[in-house]
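Comments concern the structure below.
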Amino acid sequence: MLHKSIAITAIACLLAAPAFAQKKYDTGASDSEIKLGHSVPYSGPASAFGIHGRVTLAYAKMLNEQGGINGRKINFTSLDNGYMPPKALEASRQLVESVGVFAEVGTLGTPPNLAIRPYLNSKHVPQLFVSSGITKMDDPKQYPWTVPWYTHFEFEALVYARYLIENKPEARIGLLWQNDDFGKDYIAGFRRALGAKSKMIVSDQSFDLTDPTVDSQIIALKASGADTLIVFGTPKFGAQALRKTADLGWNALRIVCSPASSIEGVLRPAGLDISKGVLTSQILKDPDDAEFADAPDVKDYLGFMQKWAPQDNPRDSTAIASFVANQTMEYVLKKAGDELTRENVLKLSTTMRDFKPKMLLPGVALQNSPQSYTLFRQYVLSRFDGTSWKPFGPVYSAD
């Protein structure tokens, strides 16, 4: 009987051992919590994007009220980077060296993310779901710990070029672009996509984030004889461009890049009525679109915002984008289970297949690979009707 008891005990231990061995943790993860963090521009010229951080904190609070992820609470630290690279780097150092985060998730802004990328990669800290679409952010060989979330700005610019070549081949294009990596990426992609038809561009005007307005640039673009205005800039300057265009009585076809397409952050400040007819590229549903009014995911999103982020406007496209990004974070961490190592989470974040979080437009899904980390690889053109964005035309794919 003794030998039989020992044998049973030994078998039980062997059976239990694999389950115990599956629990693996890196800094910032434990049986009880997962420490995450990011920095966003709560202040400065891009402060309209601060809603991204507030929605992220609301989402973490919701998860924790529901028991966390796999029983672990999410301890999320959101810091202000002012859209300034030095301040973003200071925030990342604080998150890694003082807070002890497991990963940095959803830090917003192209200049800030470029500034922190070398540091986080040197520390082997995942820089997940980066809110920047600059093409060089997707560089798995040199920066294997940085996972972009937005589709490439270059690809988005390609969509606008295709649309104009197909629908307005005689367009006289005036470009307004932000003089940093953000704007330069759009310009490079747009010119490359036009190719031999680059002569369609009759003028381009740049601006700096420190500029108080872009009025002089819009005046110059109108004077060039352009009949099409394309804005590659952040929300503040998108709103200024649309308003000045209306003030001048310039009846141009207006296209704004997706980061400057927020109804609340751009179109309402510019004027909803004068924004009628503006085009942009989208990947997310507009909750005001009657076509999606009864969609379960739209109802879930609006319910989330009403309960967990009542101080913010659910119609803000940045809020919707944050909601989608946080679902992606939740999905990866759930899938990681008890193997909460940085390497495992990085692997799961870079091998996604047809993940469809709530609020994506029909036909759009998230997917990437170890060769190209970027998750969004599709776009749909939309036109503003004075109330909401209306998708039209085909789904454009980067693949």
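Quick note: the sequence shown uses this note's numbering, first residue 3, plus one each step.
Just so it is clear, CB atoms sit at the ideal spot from N, CA and C, and this is done for glycine as well.
Cβ distance (whole Å) where residue i is taken to contact residue j below 8 Å
{"i": "K224", "j": "L255", "result": "13 Å between Cβ atoms; not a contact."}
{"i": "P128", "j": "L348", "result": "5 Å"}
{"i": "A327", "j": "F157", "result": "Contact flag wrong, Cβ pair sits at about 18 Å."}
{"i": "L196", "j": "F234", "result": "Contact flag wrong, Cβ pair sits at about 14 Å."}
{"i": "H40", "j": "E106", "result": "6 Å"}
{"i": "Y381", "j": "T153", "result": "6 Å"}
{"i": "G191", "j": "L160", "result": "6 Å"}
Euclidean distance between Cα positions of residue i and residue j
{"i": "G185", "j": "Y162", "result": "15 Å"}
{"i": "F78", "j": "I203", "result": "45 Å"}
{"i": "S34", "j": "L286", "result": "34 Å"}
{"i": "N123", "j": "W147", "result": "6 Å"}
{"i": "T389", "j": "L244", "result": "16 Å"}
{"i": "S283", "j": "G69", "result": "37 Å"}
{"i": "I175", "j": "S49", "result": "29 Å"}
{"i": "I10", "j": "R344", "result": "Confidence at I10 is low in this model, with a pLDDT of 48, below 50, so the placement of that residue is unreliable and no value is reported for it."}
{"i": "L36", "j": "D302", "result": "The residue you asked about is not Leu; residue 36 is Ile in the sequence shown. Approximately 25 Å between the Cα atoms of the pair."}
{"i": "S384", "j": "Y165", "result": "12 Å"}
{"i": "D438", "j": "E266", "result": "The requested residue 438 does not occur in the structure, where the chain is confined to residues 3 to 401."}
{"i": "D387", "j": "G73", "result": "45 Å"}
{"i": "P312", "j": "Q219", "result": "38 Å"}
{"i": "A93", "j": "S226", "result": "43 Å"}
{"i": "N315", "j": "A198", "result": "43 Å"}
{"i": "D210", "j": "K26", "result": "46 Å"}
{"i": "Q207", "j": "T215", "result": "13 Å"}
{"i": "G279", "j": "F104", "result": "44 Å"}
{"i": "F294", "j": "W391", "result": "11 Å"}
{"i": "L362", "j": "T376", "result": "16 Å"}
{"i": "W252", "j": "A241", "result": "15 Å"}
Per-residue burial, residue i [other beta carbons within 10 Å of its own, 16 or more giving buried]
{"i": "D275", "result": "exposed"}
{"i": "F394", "result": "exposed"}
{"i": "E172", "result": "exposed"}
{"i": "P271", "result": "buried"}
{"i": "A228", "result": "buried"}
{"i": "R1", "result": "Because the chain in this structure spans residues 3 to 401, residue 1 falls outside the shown range and cannot be described."}
{"i": "K89", "result": "buried"}
{"i": "L304", "result": "exposed"}
{"i": "N83", "result": "buried"}
{"i": "G111", "result": "buried"}
{"i": "P298", "result": "exposed"}
{"i": "R194", "result": "exposed"}
{"i": "L17", "result": "Low confidence applies here, because L17 scores a pLDDT of 49, under 50, leaving its location unreliable; read the following figure in that light. So L17 ends up on the exposed side."}
{"i": "T247", "result": "buried"}
{"i": "S371", "result": "exposed"}
{"i": "T236", "result": "buried"}
{"i": "P261", "result": "buried"}
Chain D contact for residue i (CB, 8 Å cutoff)
{"i": "E106", "result": "This model lacks chain D altogether; it includes just one protein chain."}
Is the segment 46-63 in contact with the segment 22-34, if contact means three or more CB pairs nearer than 8 Å?
Touching, no, given that fewer than three Cβ pairs across the two stretches are closer than 8 Å.
Quick check: the segment 107-125 against the segment 342-358, are there 3 or more CB pairs under 8 Å?
In short, these stretches do not touch, since the Cβ pair count stays below three.
As an exercise, report each continuous beta strand (DSSP E) stretch of at least 3 residues that is fully enclosed by the segment 58-123, in chain order.
Runs of the beta strand (DSSP E) inside the segment 58-123: 75-82 and 105-107.
Any contact of the segment 353-361 with the segment 320-334, i.e. 3+ C-beta pairs under 8 Å?
By the C-beta criterion, the segment 353-361 is judged to be in contact with the segment 320-334, since at least 3 inter-stretch pairs fall below 8 Å.
The segment 312-326 touching the segment 334-343, judged by at least three CB pairs closer than 8 Å:
As far as the Cβ criterion goes, the segment 312-326 does not touch the segment 334-343, which means the pair count is below three.
Which runs of the alpha helix (DSSP H) fall wholly inside the segment 166-252 and span at least 4 residues, in chain order?
Here the runs fully enclosed are 183-196, 217-225 and 237-249.
At 3 residues or longer, and completely inside the segment 314-367: list those beta strand (DSSP E) runs for me, N to C.
If we require 3 residues or more, the segment 314-367 turns out to have no beta strand (DSSP E) run fully inside it.
Counting only runs of 3+ residues fully inside the segment 364-396, write out the beta strand (DSSP E) ranges in chain order.
Entirely contained in the segment 364-396, the beta strand (DSSP E) runs reaching 3 residues are, in chain order, 380-386.
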